[in-house]
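Chemist: This is the structure, below, for whatever I ask next.
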Amino acid sequence: MSETLSALKGARFAGIAVVTEAGLRGMITVRGDLADTDVKNAVTGVAGVDMPGQREINTVGERGIAWMSPDELLVMVPHGEAEQAVETMNAALTGAHALVVNVSDARAVFDVTGPHAREVLGKLMPVDFSAVGFGPGMIRRSRMAQVPAAVWMTGEDAFRVVCFRSVAQYVFDLLKAAAAEGSEVGLYA
Amino acid sequence: MLILECPYCGVKGEETEFHGGGEAHLKRFGPGSSEEDFEGYLFHRENPKGVHLERWRHVNGCGKWFHVARDTATLEVFGSYSAQVTEPPQEIKDAISAKRPGWSWREFA
Ligand SMILES: [Zn+2]
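Quick mapping for you: the protein sequence lines, in order, are chains P and X. Heads up: the first sequence at position 27 corresponds to 27 in our numbering, and the numbers run straight through without jumps. Heads up: the second sequence at position 28 corresponds to 28 in our numbering, and the numbers run straight through without jumps.
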């Protein structure tokens, strides 16, 4: 079997924040009626976390569920388990009006960490990244400069960014520029 | 700058997170309609200075279409509402009336 590589093979940049390509992640799009018990059981069974509410994300380790829209979830598992997770959920959703697709290899994932992480993201996205406006357990889909991106917190001053794999280099370059040494603004200080 | 609230995901975002989709509440006239109705459906649009009802899509977000009532001159937003309606709900009409008494737009007032 061929070896699967992430878009930027773990590229890393350290400036006023540390930007790291987070490598391969198992990501599965699930669309359906999020109030439906079968849908809830299918996703929580695979991810091992509670069903998230509107604009929420629940994670434990590499597993999690993110609320993407009123009829869409992103289920996260270790990359090597994604295909099996799709099969498990499809089996649980037999007969239901729902869609389960492995999108792992269509995505790139970055970690942005450090005391200026909020500011680095704030330069690139039309989102309030102050501690009041954005906190752990929230997910925000928006744009990063010219491409769609989603972001959530993985810890204190630690953010995870997901974008399409096809724009991985563009997003990494954006993050590098926004995190350039000496580019502190102090907006969220 | 225009600040819009998506009624589907609840995000209050600035304009560039969304994409405008033109005039709201158009009635489609397709095959079998009169020339006049078809022409009106394709080409005739309101161009008000003031209250306007529009379609928007949360394109860099949840992806859903929705409706917005706003003022084209001041960019004041009166409210956003579901895409699954053929006319603005009463609370949106009330919100417009509170700010622009006597307003009208197409057949709505
Ligand atoms: Zn939305």
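We put the beta carbon where it would ideally sit given N, CA and C, even for glycine.
Do L53(X) and W103(X) count as a contact pair if the criterion is CB distance below 7 angstroms?
Modeler: Not in contact: W103(X) and L53(X) (Cβ atoms no closer than 7 angstroms).
Chemist: Going along the chain, which residues of its own chain have a beta-carbon closer than 8 angstroms to the beta-carbon of T181(P), five neighbours each way excluded?
Modeler: For the sequence presented, residue 181(P) should be read as Glu rather than Thr. Around E181(P): G15, I16.
Chemist: Is it buried or exposed for G45(P), if we count other Cβ within 10 angstroms and need 16 for buried?
Modeler: Counting Cβ neighbours within 10 Å, G45(P) comes out exposed, since fewer than 16 surround it.
Chemist: On the DSSP letters alone, give me the boundaries of the alpha helix (DSSP H) that T4(P) sits inside.
Modeler: Looking at the DSSP string, T4(P) is not in any alpha helix (DSSP H), and its letter there is neither H nor E.
Chemist: Figure out for me which residue from D94(X), K93(X), F66(X) has the closest Cα to the Cα of A24(X).
Modeler: It is F66(X).
Chemist: If you follow the beta strand (DSSP E) that Y81(X) is in, where does it begin and where does it stop?
Modeler: Counting along the chain, the beta strand (DSSP E) containing Y81(X) begins and ends at 77-81.
Chemist: Would you kindly report the start and end of the unbroken beta strand (DSSP E) that includes L73(P)?
Modeler: It spans 72-77 - the beta strand (DSSP E) in which L73(P) sits, taken as one unbroken run.
Chemist: Alpha carbon to alpha carbon, how far is G40(X) from A98(P)?
Modeler: When rounded, the distance between both Cα atoms is 38 angstroms.
Chemist: So is the beta-carbon of Y8(X) under 6 angstroms away from any non-hydrogen atom of ligand 1?
Modeler: Yes, Cβ of Y8(X) sits closer than 6 angstroms to a heavy atom of ligand 1.
Chemist: Taking the straight line between their C-alpha atoms, what separation do you get for A179(P) and R160(P)?
Modeler: Spanning the two alpha carbons is a distance of roughly 15 angstroms.
Chemist: Say yes only if the C-beta of H58(X) is nearer than 6 angstroms to one or more non-hydrogen atoms of ligand 1, and no if none qualify.
Modeler: Checking every heavy atom of ligand 1 against the Cβ of H58(X), one is found closer than 6 angstroms.
Chemist: Check the Cβ-Cβ distances between G61(X) and every residue of chain B, and say whether any is below 7 angstroms.
Modeler: Protein chains P and X are contained in the structure displayed, whereas chain B is not.
Chemist: Since V127(P) is in the alpha helix (DSSP H), which residue starts that stretch and which ends it?
Modeler: Looking at the DSSP string, V127(P) is not in any alpha helix (DSSP H), and its letter there is neither H nor E.
Chemist: What three-state label does DSSP hand S166(P) in the structure shown?
Modeler: Helix at S166(P).
Chemist: With a cut-off of 8 angstroms, do at least 3 Cβ pairs link the region 102-113 of chain P to the region 51-59 of chain P?
Modeler: Counting Cβ pairs under 8 angstroms, fewer than three are found: no touch.
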